[in-house]
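Asks:
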Amino acid sequence: MDSDKNQTQENVPEENAEVQGTDPLEQARKAAEAAQKEVLYVKAEFDNYRKRILKEQEQAIKYANKQLISELLNVVDYFDRAIQHSKTLKTKAEPEVANFVSGVEMSHHELTQLLSRFGVEFVGQVGEKFDPERHEAVGQKETEKSKVDTVLEIFQKGSMLHGRLIKPAKVIVGKEKN
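Residues 12 to 189 in my numbering are what the sequence shown lists, from first letter to last.
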């Protein structure tokens, strides 16, 4: 009987160990699972961090020359004004003046083509619907009902760089007659 009693006592601690989870093998397995989950979590966090950094770098490169382009857009505006004022000269002028005006127009065209190759898009055209995201209304003019809230005149073209607005177009917008 003593041997039965000893066997029962020996079995009880083993059963209690399994019930309480103090089995060293089980504890090691659970610890390994927890460590594996933690490693997967850290790996996922690192992948997200890496992707975010790559995206930020891409954006920084894409818009790195924004300030230079903004300055060049001022030059385009000067060309626009010069061409606008020269239209009357070109028709009345001597051939040398007409050739000079043509040279200014060609320079303007080349500069706008260069900017477009670097992702610049010009916005603001007469007749398009007024969009406060892309246009800055500098005035209103009474017009017929069909042209209400449309761009009637452009004072200065707007521009976007890779789809992001750099400066809005300055426009006159149609309003309903009183």
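Glycine included, C-beta positions come from ideal geometry on N, C-alpha and C.
Does the stretch 132-147 come within contact of the stretch 159-171, defined as at least 3 CB pairs closer than 8 Å?
Replies: The stretch 132-147 is in contact with the stretch 159-171.
Asks: Relative to the alpha-carbon of Lys77, which residue among Thr154, Phe111, Thr99 and Gly174 has its alpha-carbon at the smallest distance?
Replies: Stepping through the sequence shown from its first residue, residue 77 is reached at position 66. With distances taken between Cα atoms, Lys77 lies closest to Gly174.
Asks: Taking the alpha-carbon positions, what's the Ile94 to Ile80 distance?
Replies: What you label residue 94 is simply residue 83 of the sequence shown in a count that begins at 1. What you label residue 80 is simply residue 69 of the sequence shown in a count that begins at 1. One C-alpha to the other measures close to 21 Å.
Asks: Roughly how many angstroms separate the alpha carbons of Glu187 and Ser170, rounded to a whole number?
Replies: Here residue 187 refers to the residue found at position 176 when the sequence shown is read from its first residue. Here residue 170 refers to the residue found at position 159 when the sequence shown is read from its first residue. Their backbone Cα atoms lie some 28 Å apart in a straight line.
Asks: What separation, rounded to the nearest whole angstrom, lies between the Cα atoms of Gln38 and Glu44?
Replies: Position 27 of the sequence shown holds residue 38. Position 33 of the sequence shown holds residue 44. Computed Cα separation, rounded: 10 Å.
Asks: How many angstroms separate the CA atom of His96 from the CA atom of Val108?
Replies: Locating residue 96 in the sequence shown gives position 85, counting from the first residue. Locating residue 108 in the sequence shown gives position 97, counting from the first residue. Computed Cα separation, rounded: 13 Å.
Asks: Are Lys178 and Leu84 closer than 8 Å when you measure CB to CB?
Replies: Stepping through the sequence shown from its first residue, residue 178 is reached at position 167. Stepping through the sequence shown from its first residue, residue 84 is reached at position 73. Contact flag set, yes.
Asks: Compute the Euclidean distance between the alpha carbons of Ala42 and Phe129, then round it to the nearest angstrom.
Replies: Sequence index remark: in the sequence shown, residue 42 carries index 31 (1-based). Sequence index remark: in the sequence shown, residue 129 carries index 118 (1-based). When rounded, the distance between both Cα atoms is 55 Å.
Asks: Please report the straight-line C-alpha distance between Gln70 and Thr33, rounded to a whole angstrom.
Replies: Taking the sequence shown and counting its residues from 1, the one referred to as residue 70 is at position 59. Taking the sequence shown and counting its residues from 1, the one referred to as residue 33 is at position 22. Roughly 54 Å separates the two Cα atoms.
Asks: Output the distance between the C-alpha atoms of Phe111 and Asp88, rounded to the nearest integer angstrom.
Replies: Position 100 of the sequence shown holds residue 111. Position 77 of the sequence shown holds residue 88. If I take the Cα positions, the gap works out to 18 Å.
Asks: Looking only at C-alpha atoms, which of Glu155, Leu172 and Phe90 sits nearest to Val184?
Replies: Counting from one through the sequence shown, the residue named residue 184 turns up at place 173. With distances taken between Cα atoms, Val184 lies closest to Glu155.
Asks: Identify the continuous alpha helix (DSSP H) that holds Thr123 and give its terminal residues.
Replies: Counting from 1 along the sequence shown, the entry for residue 123 is found at position 112. Pro106 to Arg128 is the span of the alpha helix (DSSP H), which, as asked, contains Thr123.
Asks: In angstroms with no decimal places, state the Cα-to-Cα distance between Thr161 and Glu144.
Replies: Along the sequence shown, read from residue 1 onward, the residue named residue 161 stands at position 150. Along the sequence shown, read from residue 1 onward, the residue named residue 144 stands at position 133. Their Cα atoms are separated by approximately 14 Å.
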